[in-house]
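Asks:
2 protein chains.
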Amino acid sequence: MPSSTVENYLKQILIVTLDENCSKVPMGKVATELSVTPGTATSMAKNMERDGWLTYYPRQGVALTRKGKKVAMNMLRRHRLLETFLVETLDLDWSEIHAEAEELEHAISEKVLEKLDQFLGRPRYDPHGHPIPSKGGVIQRPSSRTLQSCKVGMKVKIDSILDQESEFLKFAREKKLLPGREVRIMGSEIQADAVTLKVGRDQPFSLGFRSAEKILVLEVV
Amino acid sequence: MPSSTVENYLKQILIVTLDENCSKVPMGKVATELSVTPGTATSMAKNMERDGWLTYYPRQGVALTRKGKKVAMNMLRRHRLLETFLVETLDLDWSEIHAEAEELEHAISEKVLEKLDQFLGRPRYDPHGHPIPSKGGVIQRPSSRTLQSCKVGMKVKIDSILDQESEFLKFAREKKLLPGREVRIMGSEIQADAVTLKVGRDQPFSLGFRSAEKILVLEVV
DNA sequence: GTATTAACTTTGATCAATCAAAATAATATC
DNA sequence: GATATTATTTTGATTGATCAAAGTTAATAC
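Protein sequences appear in the order of chains A and B.
Residues in the first sequence are numbered from 1206 upward in steps of one, following the numbering used here.
Residues in the second sequence are numbered from 1206 upward in steps of one, following the numbering used here.
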């Protein structure tokens, strides 16, 4: 059984992994995410490796093992189901539920969670629109679509780049069109055969449909 | 803020205090109640005294301070409201709720508790018939105890019957074991697993602990 | 190709909660 | 009253989680 501290580390590492679409999470990131000093993160990583939750690659970061990922997914499920309950049933304010769920997710048993899921009608998304992992720990993630198909104003996250041509990848890197990045669609005009997008605070720029087609994105809710 | 360990000590000490109607709880009792070694109980007592939760009388026991009692009462409130929720709303089995509430009571915030109370319609008794302390930490009336827990010679008044099984209720009616009736405890023997009681001028009879447990009584002074 | 900087690791210390086992005090027994 | 028993306290050690500060590496800059 993981302690609730370990559960927190696992969950946060999973979130970063999914979010940035990377395999190893650097220790610095772990430390800031959990609000501990880097030294603490390193020593926890070693203990967690000893207990089989993750693999620790010195000076590179940590990656969850299958066992660790399973628990982490379950934490996400707990968190999101609890947030749903707090909003739907107890009518708590949207702004408070995160912190509340953060506490409760460590205390709720599998059995109570199952009953809660049933009571709520087995919701698939939490109040923020995030998908709730299934009992087996699977996130049925919203299927990705091409950048070309996006509507103006949408906020999307880059999922993957289909073209492996190095020239194109180089261009994509320069424009920060990398997996995990969030992008806003500023314009999309069939007649102009182009989409205009903005990455972070950079200057907006346009991509022809030919290129936009090569970029798969996920809608951010 | 007390840690959840401290919360457990406080709650358990309060329960023993109410139960045995005594002011000081001896360390041995504290230790067994919390399933720790006597040494641990002693050292916790010292720390808790330092933090103002209780007064520690060496070789005699501990007594809650006002501050400690307030927190302990609140724990009882949390516990009982949660048990109510688990049975009423989530339909958990009567036998499981105690352990579940034991975990959740440390994680639930005052705000969520308040919403839960509201959602449940501000119940005054938990599923076992125990009174739920008010927000201010007041128990509305002398807490009832099970018939099984009574000492020989006590005179008690029946408060409620927990088992709603019709066969059992029929039996209870025959024996005049009905709310309001006064009963005298003629004998109670753990080895025999039975209590012997007398209702009015009727012939005394015995009840197995299994059944005696289902009957809540109030002590008559 | 060295110097600077940023990221990471080590070291030594602390705190809460616990145990086992030895020491001490209080109570009961003869 | 001396002894045996039981309850309690002390002592010394451990474990998990943490920090501050010093020490290493690797990457970046110049």
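Note that CB positions come from ideal geometry on N, CA and C, so glycine has one too.
1. What did DSSP end up calling Ser1411 of chain B once you bin it into helix, strand or coil?
2. So which residues of chain B does His1311 of chain A contact, with C-beta pairs closer than 8 Å?
3. Give the single residue among B:Gly1244, B:Leu1383, B:Val1404 whose Cα lies nearest to the Cα of Ile1390 of chain B.
4. Ignoring anything shorter than 3 residues or poking outside the region 1230-1283 of chain A, list the beta strand (DSSP E) runs there in chain order.
5. Tell me where the beta strand (DSSP E) around Thr1294 of chain B begins and ends.
6. In three-state terms, what does DSSP make of Glu1308 of chain A?
7. Which chain B residues are close to Thr1294 of chain A, counting only those with a beta carbon under 7 Å from its beta carbon?
8. By Cβ distance below 6 Å, which residues in the same chain neighbour Lys1272 of chain B in space, the five residues on each side in sequence not counted?
9. What three-state label does DSSP hand Lys1362 of chain B in the structure shown?
10. For Arg1329 of chain A, collect the residues of the same chain with a Cβ closer than 8 Å to its Cβ; drop the 5 residues on either side in sequence, then sort them by chain order.
11. Taking a Cβ distance cut-off of 7 Å, strictly less, list which residues of the region 1413-1424 of chain B are near chain A, in chain order.
12. Starting from Val1400 of chain A, find everything on chain B with Cβ-Cβ shorter than 7 Å and list it in chain order.
13. Starting from Leu1383 of chain A, trace the alpha helix (DSSP H) in both directions and tell me its first and last residue.
14. Here's the rule I'm using: 16 or more other beta-carbon atoms within 10 Å means buried, otherwise exposed. How should Gly1266 of chain B be labelled?
15. Flag this pair as yes or no: are the beta carbons of Tyr1277 of chain A and Ser1228 of chain A separated by less than 7 Å?
16. Give a yes or no on whether the C-beta atoms belonging to Glu1387 of chain A and Lys1419 of chain A are separated by under 7 Å.
17. In the structure shown, what three-state DSSP assignment does Leu1219 of chain A receive?
18. With a CB to CB cut of under 6 Å and the five nearest residues on each side skipped, what residues in its chain are close to His1284 of chain B?
19. Please state whether the Cβ-Cβ distance between Tyr1261 of chain A and Glu1254 of chain A is less than 7 Å.
20. Out of B:Ala1236, B:Lys1360, B:Glu1288, which one is the CA nearest neighbour of Leu1421 of chain B?
21. Within the same chain, show all residues whose beta-carbon is closer than 6 Å to that of Ser1300 of chain A, passing over the 5 residues directly before and after it, in chain order.
22. For Glu1424 of chain B, which of B:Val1400, B:Val1292, B:Val1221, B:Lys1356 has the nearest alpha-carbon?
23. Assuming the contact rule is C-beta atoms closer than 8 Å, Met1232 of chain B and Thr1247 of chain B should be a hit. Round their C-beta distance to whole Å, please.
24. For Leu1242 of chain A, I'd like the list of residues in its chain whose CB is within less than 8 Å of its CB, leaving aside the five on either flank, ordered along the chain.
25. Can Gly1385 of chain A and Ala1399 of chain A be called in contact, C-beta distance under 7 Å?
26. Can you check which of these residues, B:Lys1251, B:Pro1332, B:Leu1402, B:Ile1220, is closest to Leu1295 of chain B by C-alpha distance?
27. Can you give the Cα-Cα distance for Leu1402 of chain B and Gln1323 of chain B, rounded to whole angstroms?
28. Mind checking which residues open and close the beta strand (DSSP E) that includes Lys1403 of chain B?
29. DSSP on Leu1352 of chain B, reduced to helix/strand/coil?
30. Return the CA-CA distance between Ala1397 of chain B and Phe1373 of chain B, expressed in angstroms with no decimal places.
31. Could you tell me the distance, in whole angstroms, from the CA atom of Gly1342 of chain A to the CA atom of Gly1326 of chain A?
32. Could you name the residues of chain A that Leu1215 of chain B contacts, counting a contact when the two beta carbons are closer than 9 Å?
33. Compute the distance between the beta-carbons of Leu1321 of chain B and Leu1291 of chain B, then report whether it is under 7 Å.
34. CB-CB under 8 Å to Thr1351 of chain A, same chain, minus the five flanking residues each way: which ones, in chain order?
35. Would Ala1312 of chain B and Ala1377 of chain A qualify as a contact pair, given that the criterion is a beta-carbon distance under 7 Å?
Replies: Let's see:
1. strand
2. Ala1312
3. Looking at B:Gly1244, B:Leu1383, B:Val1404, the one whose alpha-carbon comes closest to that of Ile1390 of chain B is B:Val1404.
4. 1259-1262, 1266-1269
5. From DSSP, Thr1294 of chain B is part of no beta strand (DSSP E); its letter is neither H nor E.
6. helix
7. Phe1324
8. Gly1257
9. strand
10. Pro1336, Ile1337, Gln1345, listed in sequence order.
11. none
12. Chain B residues near Val1400 of chain A: none, gap ~44 Å exceeds 7 Å.
13. Per DSSP, Leu1383 of chain A lies in no alpha helix (DSSP H) and is assigned neither H nor E.
14. buried
15. A small fix is needed here, since residue 1277 of chain A is Ala in this sequence, not Tyr. No, Cβ-Cβ distance for Ala1277 of chain A and Ser1228 of chain A is not below 7 Å.
16. no
17. helix
18. Ala1306, Glu1310
19. The criterion of a C-beta distance shorter than 7 Å is satisfied by Tyr1261 of chain A and Glu1254 of chain A.
20. With distances taken between Cα atoms, Leu1421 of chain B lies closest to B:Lys1360.
21. none
22. B:Lys1356
23. 6 Å
24. The sequence as given places Thr at residue 1242 of chain A; Leu does not occur at that position. Excluding positions up to five away in sequence, the list reads Ala1236.
25. Going by C-beta atoms, Gly1385 of chain A is not nearer than 7 Å to Ala1399 of chain A.
26. The shortest Cα separation from Leu1295 of chain B among B:Lys1251, B:Pro1332, B:Leu1402, B:Ile1220 belongs to B:Pro1332.
27. Each residue's alpha carbon lies about 40 Å from the other.
28. 1399-1404
29. In the structure shown, Leu1352 of chain B adopts helical secondary structure according to DSSP, grouped into three states.
30. 21 Å
31. 18 Å
32. None at all; the shortest Cβ gap to chain A is about 18 Å.
33. no
34. Ala1417, Glu1418, Lys1419, Ile1420, Leu1421, Val1422
35. no
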